[in-house]
Each structure stands twice: as structure tokens, then as C-alpha cells.
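Step one of this worksheet: look at the structure below.
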Amino acid sequence: MHWVCLSSIFICFMSFLLSRYYHLFSPKVLPQSSKAMSTAAQFAFRVQDSQTPVFFWSHGGPTFMYPEEEFGGDRGAFKKVKEIGKIIKEEIRPDFLIVVSAHWQSKGPDLVEVGYSSESLSSKSKKLSSEENELIYDFYGFPDHMYREQFHSVGSQELAQHISQTLGDGGLKSKVVKRGIDHGVWVPFKVAFTDSKSQDSGVYDVDFPLVQVSLTSSSNFDVHFKLGQLLAPYRKLNGLIVCSGMSVHNLRDIGLSMGYPGKVMPYAEPFNKVVSNIVSTGTRNTLLGKFEELETNPELKKLYAASHPTVEHFLPLVVGAGAALDDKGEVLYSNSAYSLGWGMFKWGK
């Protein structure tokens, strides 16, 4: 009798905890209009036993959205991103997507900003509703038609606030800011989730909320690995994490590369192999140390400095590795051209 009583109390207590957990992790849906409302209305946290994978892809330049463009693009990478997009839409089917791009660094070494745009910030972005993510055309001197390209996705203020709170609770400074999504997000997403043939589909290109999270202003691996770890719990809430950068990114040497065999700088392929080895052999306990070797091992340090004179395109990979937790890394694609590396990686199933 005493055992039955204790069992009943335990069951009631666990039921209370589960209901409380669901309440804490279930944001309210904000009032929205027409299509945006139906898109965002699908958003709710769902606790799962399994977790979604983590992706890192190399996004190239804005011309990456055109498969026939050699400069700033890569046909193999274009095809692989399309394949990943199909897997995301048809197999993973996330409830929301968190993306970290090389093109957004905050103004503080331990500050992470989370974006949400509820108003039109640019006349170039043809929003279907006030809740749509604004497009940032953060590239210059390209043909006019590229500034008419559209990608339609809905943001979520509730999700942005939740992520910011999670990061703050984990020891990072964080705040929600008004900001659209940059070309490191919308260009590869346009490749992944649309037919890539029309400038503007006129409808939402994804049916789940999308929120962009910044890097910090620091080049520190530790803080960005920690950022990934703090984002990792969203994987069990059916959220997908995509990190967008380049495995090799040295724009200064693009012209110089024309004089080398195969038009490839001599450091590009070796560093791509180093990165692929880190991803495929690293574990939860060794990944951060392997990244830090790039700054302490003299030979690797030289290779890293040549491949990334500035580190913003490498740091999203570190975030992705942090979010991987115990999942094994896999190389999906790797290529080198000019002074660029097109590595694409996945952690988890």
C-alpha cells in the first residue's frame, strides 16, 4: 500500500514536470496575416526522443544561386545544397530552422544577437507579409537582376526571444535585434528550397519559421563552440541548425590564383583536407582541441592564416561542431577552386 502511494505521488510529480516543460518550451503564436499566419501557426516546440542533424555548407558568393556561374559558384556544391534542401523538406521536416551565417558578427566578443524583422527595412525585399524575413542584399557591383531576386520565409519573434533567453541563461550576452537575413542565408536557401529558376515565386518558399543567429565579434573558437552547444537542445525540439560559411575563404588571392595550376591556390586543397579530417574524426571531447590546434601548431597555423585571412567564414563551422554534441561528423562534399574551399558537412542522422 505504501509503495502504491509513493508510485502515485511520483507519477503525479512527473506529469507536473512534463506539463511545466511543455509550457516553458511552447511559445504563443503571434497574430499574423493570411499566408504568414498559416505558416507561423504550424510553429510549436515538440519534445522528441531523437534529434535533428546539423549541417554546415559553403555558400560562395551571391552568384551561387546561378548554377552556370563559375565565379563565386560551384556546380557540385550547388547540386549538393539542392539535395540537402530536398532532404530537409521531405525527410527531416523541421518545425523551425536556426541559421548562423558568416555575414553577421555582433558588436561584442561575448554578445550574440538574434534577428527578427517585423517591418520593411528595404524596398528591394518584396515581403508578402509584415512577419516575413527581410532580405539583405549585402553585395555590391553585381548586375541589377540580382537585386530583384527574392526568397520568402517567415520569422518568429517568440522563437527569437526564446533563443536569446537560452543563450543568456547559458552565460552569453544576447539580445533580439531588428534585422533581415543576409546573402549567406537566403542565397543558399534559395538554391536549397526553390527551383532556382524564377526571381520571385510569389509564395512562401518554406513552411516553417526561420531565425538567424549572429556570430560574436571575437575570433575565439571556444565562445563559438559554446554557442553551438547552447543551440543544440533545439535539435530535440524538431529545430534544424544550419551553419553557412566557407571551408576556405581568401578573396584577396582570387586574382593571384589565376596564375597557379588548375587556378587553385596551393593552400586550398590541403586545408580542405585538414578541415574534413577534423569533422570526420573529431568527437565531443576532441573537436574543440582540434580547432585550437589550427592556432597553436606552427604548420597548421600558417595554413589556416592563408585559408582564412579573416575568420568569419570559418567560425560557423565551429558553431556547427559545438551543436553536434555526440554525433559523428560526415563529409558531404569537398572541392577547391581559386582561393576558395567548398566543404559541406553533416553531424547526426
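Its first residue numbered 1238, the sequence shown is counted upward by one per residue in the working numbering.
Virtual Cβ for every residue (Gly too), placed ideally from N, Cα, C.
- Non-local beta-carbon contacts of residue 1305 in its own chain, meaning distances under 6 angstroms to residues more than five positions away in sequence, are absent.
- Within the same chain, Cβ atoms closer than 6 angstroms to the Cβ of residue 1351 are found at 1397, 1400, 1401, 1413, 1450, the five residues on either side in sequence being excluded.
- Within its own chain, the residues whose Cβ lies closer than 7 angstroms to the Cβ of residue 1494, once the five positions on either side in sequence are excluded, are 1500, 1501, 1502, 1575, 1576, listed in chain order.
- Closest by C-alpha distance to residue 1585, out of 1542, 1507, 1287, 1282, is 1287.
- When DSSP states are grouped into helix, strand and coil, residue 1566 belongs to the strand group.
- Residue ranges of uninterrupted beta strand (DSSP E) with 3 or more members, entirely inside the stretch 1454-1504 and ordered along the chain, are 1476-1482.
- Taking residue 1422 as reference, the option from 1565, 1296, 1556 with the minimal CA-CA separation is 1296.
- Nearest C-alpha to residue 1393 among 1482, 1464, 1369: 1369.
- Bridge pairing for residue 1369: 1391 [DSSP].
- The beta-carbon separation of residue 1464 and residue 1478, rounded to 11 angstroms, does not stay under the 8 angstroms limit for a contact.
- In the DSSP assignment, residue 1335 falls within the beta strand (DSSP E) that extends over 1333-1342.
- As DSSP reads the structure, residue 1410 sits in a beta bridge with 1348.
- With 16 or more other Cβ atoms from the protein chains shown falling within 10 Å of its own Cβ, residue 1425 counts as buried.
- Taking residue 1285 as the centre and dropping the five residues before and after it, the same chain places the C-beta of 1473, 1474, 1475 closer than 8 angstroms to its C-beta, in chain order.
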